[in-house]
Amino acid sequence: MTGRLEEKLTRLLGTRSGAALEKMGLVTADDLLRHYPRRYAEPGQLTDMAQLALGEHVSVLARVAEATVRPMRNRGGVLLQVVVTDGRQRLALTFFARHAGALRGHEAKLVPGRTGVFSGTVSAYRGERQLTHPDYVLVGGDVEDADAALDEASKPMPIYPATAAVPTWRLQRAVRTVLDPLTEDDVPDPVPAEVRASAGLPSRLEALRRVHAPATAADWRAGQHRLRYEEAFVLQAALAQRRAAAAQEDATARPPRPADDPGILARFDASLPFTLTAGQRAVGTDIADDLARPRPMQRLLQGDVGSGKTVVALRAMLQVVDAGGQAALLAPTEVLAAQHARTLRALLGPLAEGGLLGGAEDGTRVALLTGSLPAAARKTALLQAASGEAGIVVGTHALLSEHVQFADLGLVVVDEQHRFGVEQRDALRAKGRVAPHLLVMTATPIPRTVAMTVFGDLEVSSLTEVPAQRAGIRTHVVPADNPRWMERTWQRVREEVDAGHRAYVVCARIHPDEEDDATGKAKAAEFDDEVPEFLDGDAEERPPLRAVLEVADALRATPALAGLEVGVLHGQMPPAEKDAAMAAFASGASQVLVSTTVIEVGVDVPEATAMVVFDADRFGLSQLHQLRGRVGRGSAPGLCLLVSTAQPGTPAAARVEALAETTDGFRLAQLDLELRNEGDVLGAAQSGRTSSLRLLRVVKDADLIEEARRAAVALVDADPGLSGHPLLAAAIAAQLDPEKEEFLERA
Ligand code: ADP
Ligand code: MG
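Right, here's the structure in full:
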């Protein structure tokens, strides 16, 4: 793609404007045109200033009479107060910001004497009517007379993601300067004409015009639809190409042993203390079939917490070991890797004490290889991996990037890591002479279209049932400001411990004096058209988040817990200390473990029956569900106490109550999606793909994604190399490039 869209903004708009945009990451004309409006201010009828009703959305034509900036005494921050008039009535306009600099854009435009159309919702302050952060279009400058201003004001006004330095009106002007002179030839369209025709879509240029300069609301909606389609189409075409390429790739077939020559898998199955669930058997058969083929398996296994994914993975690994290969199991943290190694050794028993791979003894070895191992242990593990003595090597993702040699790596299992994206899979494939088989496991239920978008090149299996004889979990909400309930909470913990069980206590942060950032609230107050966060009274009234170190001290002094060992676990501890804390809790040397969400994924201590979560209302639903899955894993019933500071009736309170009512992970995931916005969904489910998806909403646009996928698959089937569709091929290449870079930076 070369041509006008590749031109630098510094050249098109001048060095000063161009440099300001560059600071926002907008370097070329194409970058700017892909900087889509966040929303649109819909035009209202012009309202008579004598008739402004409280709470109504109005647009008034008026002249600026005064404009003053002053600091706010009580709250900190600054306030721009503007008074506009139609000659008879006066109306106040109010803009808040943290710093005077953020108001400079408004100040520069709202000078006394200028006329414009101002739109916003009428509120009252000390009896006076006002508009807070109104949208506005000025007469003069952009538009020379009142008629033109009215015409402009009758169109939806695009509102751009902006910064203090480049407010939305300057972005709008820059976009128009770049966009208006473009012709169809200047704007290559990755969606081929025949696909456009059958889906009833306008050209890319037309879509850009509708999105950036709509005459009506229908315009920008149609423009957005077309651009969303394009995002879905390019992505699905890329994934279809990957699938096609993978189908050509070679892998070593690892078929199961025949019945008359059983191996370690058969012996393991015979020694299992429980029977596999129907789901575990069915998924196991699919995986066994995949492994028997000379093409790399690419499978995602999703199953709720406690659905028994580990055994499924272990059986797959044993099939590979039986066939003479090795398997690697990757965990997201060293704590989890160490735990997995322990679990696998325990499950395998004597089978994990084998001699050499393929020797007369059918057993094998499980090696743990993490960065924090002492040098000698590390050397041994490296040797066992390289010689093939260890049929199973457990570690973190560092296993892939470090210089770890395998004798014959046949299968990689990635646990609790749905963020294991396309690029990581590529890195993995580069590891051996032929690609190893791959099994990705996640407990986060992923809606179909998210799976299609993020893992479009994987087959998906699900474990939908949880093994029987689980005693279940009871969940209660505990109001943090009720001392009697809090006292009862610690009594319950004591009772659990006295019955021979253990308890987790989860906090959102580590140190009591670190900033409250665990709520994930975007610090987005810089945007000039957004009411700053500190005006949100809700946030002000909340007590600070409880912290691991403070809570651990408090619990050691709590009479109900007298005599108990209270352990601490958090991400800032050195790995050896983390291991020791986990091991102490697993063995029962400590009975209460105060920790951050590091225990969120996969930690399995069957004796842990109770969990107390502080500030539960500040966590996401899925995360709480994951946390809760850590208890009630044995035969004793689990108890989860959600300590909440949420006021009744707020969305935060609704979240914790929902969790108290159901343990169905899929139901909760759906609720979570409804309560979050799309960005979070994608952010949580993918790695590095946000760069290419700007408008597409993976949940709401499910139908559109399916439609684009069908069109993309048909096109790639007919033209796998895309030689007849160079613009699409270029769009795919452009999309993958920045993602690669991002991946390399993280690695
Ligand atoms: P997850 O899917 O969350 O990783 P695990 O694999 O850790 O779940 O399994 C949770 C617990 O259930 C483990 O203690 C495991 O041994 C046990 N388990 C797995 N499968 C079965 C089964 N079919 N019957 C009974 N218990 C099982
Ligand atoms: Mg697990």
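Counted the way the working numbering counts, the sequence shown spans residues 33 to 779.
Ideal placement from N, C-alpha and C gives every residue a C-beta, glycine not left out.
Since residue i and residue j should fall inside the 8 Å C-beta cutoff, what is the C-beta to C-beta distance between them, to a whole number of angstroms?
i	j	result
residue 326	residue 384	Rounded, the Cβ-Cβ distance is 29 Å, inconsistent with contact.
residue 145	residue 96	7 Å
residue 358	residue 320	Contact doesn't hold; Cβ gap of about 17 Å is too wide.
residue 540	residue 640	Contact doesn't hold; Cβ gap of about 20 Å is too wide.
residue 504	residue 661	That belief does not hold up - the Cβ atoms of residue 504 and residue 661 are roughly 12 Å apart, past 8 Å.
residue 74	residue 249	6 Å
residue 397	residue 422	4 Å
residue 331	residue 491	5 Å
residue 117	residue 99	Not really, about 12 Å apart at Cβ, beyond 8 Å.
residue 111	residue 154	Not confirmed; about 18 Å, so no contact.
residue 418	residue 401	No, residue 418 and residue 401 are not in contact; Cβ-Cβ is about 11 Å, not under 8 Å.
residue 446	residue 362	5 Å
residue 601	residue 631	7 Å
Tell me residue i's beta-bridge partners as DSSP assigns them.
i	result
residue 86	In DSSP, residue 86 forms no bridge with anything.
residue 495	335
residue 167	151
residue 40	60
residue 643	536 and 672
residue 103	110
residue 189	73
residue 98	115
residue 438	None; residue 438 has no bridge partner.
residue 424	359 and 398
residue 599	625
residue 123	116
residue 157	160
residue 541	579
residue 471	331 and 445
In the DSSP assignment, find the unbroken alpha helix (DSSP H) run with residue i in it and report its ends.
i	result
residue 112	Looking at the DSSP string, residue 112 is not in any alpha helix (DSSP H); the run it does join, the beta strand (DSSP E), is 110–117.
residue 242	236–244
residue 508	Residue 508 -> not in any alpha helix (DSSP H); beta strand (DSSP E) instead, spanning 505–511.
residue 691	683–693
residue 367	366–380
residue 808	Because residue 808 is not part of the residues shown, which for the chain are 33 to 779, the question remains open.
residue 47	47–54
residue 518	515–530
Within 8 Å of any Cβ in chain B, is that where the Cβ of residue i sits?
i	result
residue 745	The question asks about chain B, but that chain is absent: this structure has only one protein chain.
Let me confirm a value: residue i is counted as buried when at least 16 other C-beta atoms fall within 10 Å, else exposed. Which label applies?
i	result
residue 55	exposed
residue 341	buried
residue 767	buried
residue 262	buried
residue 86	exposed
residue 157	exposed
residue 610	buried
residue 665	buried
residue 470	buried
residue 120	exposed
residue 52	buried
residue 764	buried
residue 183	exposed
residue 735	exposed
residue 533	buried
residue 628	buried
residue 187	buried
residue 557	Residue confidence for residue 557 is low, a pLDDT of 22 falling below 50, so the modelled location carries little weight; the figure read from the coordinates is stated next. So residue 557 ends up on the buried side.
residue 228	buried
residue 507	buried
residue 498	buried
Give the range of the beta strand (DSSP E) segment to which residue i is assigned.
i	result
residue 654	It is not in any beta strand (DSSP E) - residue 654 instead sits in the alpha helix (DSSP H) that spans 653–660.
residue 622	From DSSP, residue 622 is part of no beta strand (DSSP E); its letter is neither H nor E.
residue 665	Run containing residue 665: none; DSSP gives neither H nor E here.
residue 138	Residue 138 -> not in any beta strand (DSSP E); alpha helix (DSSP H) instead, spanning 136–141.
#### Entry: contact_flag[the region 38–49, the region 216–225] where n(CB pairs < 8 Å) is 3 or more
no
- Message: With three or more C-beta pairs closer than 8 Å as the rule, is the region 684–702 touching the region 646–657?
- Response: yes
### Query
Hey, is the region 266–275 in contact with the region 738–754, meaning 3+ C-beta pairs nearer than 8 Å?
yes
(Q) So, does the region 309–318 touch the region 517–529, judging by three or more C-beta pairs under 8 Å? (A) no
Does the contact criterion of 3 or more C-beta pairs under 8 Å hold for the region 187–195 versus the region 66–73?
yes
Touch test, the region 148–168 against the region 88–104, Cβ-Cβ under 8 Å, three pairs minimum: yes
With contact counted as at least three CB pairs below 8 Å, one residue from each stretch, are the region 427–439 and the region 360–370 in contact? yes
task: Please confirm if the region 230–246 is in contact with the region 756–763, defined as three or more CB-CB distances below 8 Å between the two stretches.
output: no
So, do the region 576–583 and the region 610–625 have three or more beta carbon pairs nearer to each other than 8 Å? no
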